[in-house]
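S.K.: Just so we're aligned, residue 1 is where the sequence shown starts under full-length UniProt numbering, counting upward by one.
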Amino acid sequence: MDVERVQTIAFSSMTEGRIPPEFIRSEKERPAITTLHGYDPQIPTIDFSDPDEDSLTRLIAEASRDWGMFQIVNHGIPTHVINNLQKVGEDFFALPQEEKELYAKPPDSKSIEGYGTRLQKEEEGKKAWVDHLFHKIWPPSAINYQFWPKNPPSYRDANEAYAKCLRGVADKLFGRLSVGLGLGEKELRESVGGDELTYLLKINYYPPCPRPDLALGVVAHTDMSAITILVPNHVQGLQLFRDDHWFDVKYIPNALVIHIGDQLEILSNGKYKSVLHRTTVNKDMTRMSWPVFLEPPPELAIGPLPKLISEDNPPKYKKKRYCDYVYCKLNKIPQ
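1. Report the option in T279, K283, D284 and S225 whose CA atom is closest to the CA atom of I260.
2. When DSSP labels each residue in this structure, what does H221 get in the three-state scheme?
3. Consult DSSP for T279 and reduce its assignment to one of helix, strand or coil.
4. Does the distance from the CB of F92 to the CB of P149 come in under 8 Å?
5. Could you check where the alpha helix (DSSP H) with K100 kicks off and where it finishes?
6. Could you tell me if A163 is buried or exposed, where buried requires 16 or more neighbouring beta carbons within 10 angstroms of its beta carbon?
7. So the beta strand (DSSP E) I46 belongs to, where does it begin and stop?
8. How would you label A301, buried or exposed, when you count the other beta carbons within 10 angstroms and need 16 or more for buried?
9. Please classify S12 as buried or exposed, where buried requires at least 16 other C-beta atoms within 10 Å of its C-beta.
10. Report the rounded CA-to-CA distance for P139 versus L197, giving the unit in angstroms.
11. Any chance the segment 275-295 sits against the segment 204-218, with 3 or more Cβ pairs inside 8 Å?
12. Return helix, strand or coil for K318, following the three-state DSSP convention.
13. Excluding five sequence neighbours on each side, which residues of the same chain lie with their C-beta closer than 8 Å to the C-beta of K273?
14. If you draw a straight line from the C-alpha of P314 to the C-alpha of Q335, how long is it?
15. When the Cα atoms are used, what is the spatial distance from G116 to F241?
16. Just reading off the alpha helix (DSSP H) that L56 is part of, what are its end residues?
17. On the DSSP bridge list, what partners appear for D131?
18. Output needed for R176: all residues of its chain with C-beta closer than 8 Å, excluding positions within five of it in sequence on either side, in chain order.
19. W290 and I227: beta carbons closer than 8 Å?
20. Once the 5 residues before and after R189 are set aside, which same chain residues still bring their CB inside 6 Å of it?
21. Given that a residue counts as buried once 16 or more other Cβ atoms are within 10 Å of its Cβ, and exposed if not, what is P51?
22. Once the 5 residues before and after P78 are set aside, which same chain residues still bring their CB inside 8 Å of it?
23. Rounded to a whole number of angstroms, what is the C-alpha to C-alpha distance between F213 and K332?
24. When the Cα atoms are used, what is the spatial distance from D40 to H75?
25. Please confirm whether S49 has its beta-carbon closer than 8 Å to some beta-carbon of chain B.
26. Please identify the residue among V81, S141 and H132 whose C-alpha is closest to the C-alpha of A94.
27. Which value, in whole angstroms, describes the spacing of the CA atoms of G193 and Y199?
28. So, with DSSP's three-state summary, where would you put D50?
29. Rounded to whole angstroms, what is the Cα-Cα separation between H245 and Q42?
30. Alpha carbon to alpha carbon, how far is Y145 from V73?
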């Protein structure tokens, strides 16, 4: 093991009551200083079962334009399917360390799949208070079962059941988002790869932290994906940046949190906004989340859709292969 895991560091830190200096954020990032309390605007919550498609389209388009993030309820994924996904993820992170390391991302891998701690370059050498597990859950041709834990034994069944349900939600989302741009119902999905669209699951594990006022689970970022669909646990942590302040995103049981990602902002030529967000940590409880990133195929070039460009609305973004976009973003290279 070439890196000490945060889960291990957290155990000794709780005993000592302090955290290593590389986890202490600068004052401009510290949650205790930068989180606004008292005034608490909430991201839109949308009933995904609304039979009025025009109304649903309008609400989703407005939320994507004005917030870049919203929650959907009555989305049709059975509660037990989500509960099983969470249970097998929790069970994996409860395994002995040496067993989790069997799924570690290979040091020479160009993919981000696998169990790990560090994801991208951090300014000033700082570290995030999180361990993670990445692996693809759809389409079958993209799946590498090397990174799917064999323990707990029900891990594969739980993830496959969730992936099957999630595809229906994703297709409906793309349809409403596409119509909201004045496009045909299938145009947006086809523009990000159609049936080759990749579903990349990440399990975030944020162990208890003795100084949650100083650390961050995940630093401020926008997602590289087209859309991110996230299941959180009940521990508060997700924050959104809006009006020059950071706000907590309220936990709603059984809701799915939808993030507009960079590729949708690019395709829409800026009409839909990729949301700036981060994650805080908790002193007493473990926070976990299960985002699924809906990503274009690596070689697919993404740029503003021609139908959304005009003399009055010229292209605001460069066209670029998704794999090149990811490389630049992870390595902090200007796009």
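Built from N, CA and C at the ideal position, the CB exists for glycine as well. Predicted model, so just to flag it, every value in this text is computed and none were measured.
M.R.: Let me spell this out:
1. When C-alpha distances from I260 are compared across T279, K283, D284 and S225, the shortest belongs to S225.
2. Annotated three-state conformation of H221 is strand, per DSSP.
3. T279 carries a strand assignment under DSSP once its states are collapsed to helix, strand and coil.
4. Yes, Cβ-Cβ distance for F92 and P149 is below 8 Å.
5. DSSP places K100 in the uninterrupted alpha helix (DSSP H) bounded by Q97 to K100.
6. Buried, since its Cβ has 16 or more Cβ neighbours within 10 Å.
7. Note, I46: beta strand (DSSP E), T45 to D47.
8. In this structure A301 is exposed. Its beta-carbon is surrounded by fewer than 16 other beta-carbon atoms within 10 angstroms.
9. Taking all protein chains in view, the Cβ of S12 is surrounded by fewer than 16 other Cβ atoms within 10 Å, so the residue is classified as exposed.
10. Their backbone Cα atoms lie some 7 Å apart in a straight line.
11. Short answer: they touch.
12. Three-state DSSP puts K318 in coil, outside helix and strand.
13. Within the same chain, K273 has close Cβ partners S64, R65, D66, W67, G68, I260 and E265.
14. Per the coordinates, the alpha-carbon of P314 lies some 18 Å from the alpha-carbon of Q335.
15. Approximately 27 Å between the Cα atoms of the pair.
16. Counting along the chain, L56 sits inside the alpha helix (DSSP H) bounded by residues E53 to D66.
17. Its beta-bridge partners are Y205.
18. The residues are E53, L56, T57, I60 and A61.
19. Their beta carbons are not under 8 Å apart, which means W290 does not touch I227 by this criterion.
20. Taking R189 as the centre and dropping the five residues before and after it, the same chain places the C-beta of F174 closer than 6 Å to its C-beta, in chain order.
21. The residue in question, P51, is exposed, as its Cβ has fewer than 16 Cβ neighbours within 10 Å.
22. Cβ within range, chain order: C165.
23. The question names Phe, but residue 213 in the sequence shown is Asp. When rounded, the distance between both Cα atoms is 26 Å.
24. If I take the Cα positions, the gap works out to 25 Å.
25. In the displayed structure, chain B is absent; only one protein chain is listed.
26. The shortest Cα separation from A94 among V81, S141 and H132 belongs to H132.
27. So the two alpha carbons sit approximately 11 Å from each other.
28. It is coil, neither helix nor strand.
29. One C-alpha to the other measures close to 13 Å.
30. Each residue's Cα considered, the two are about 31 Å apart.
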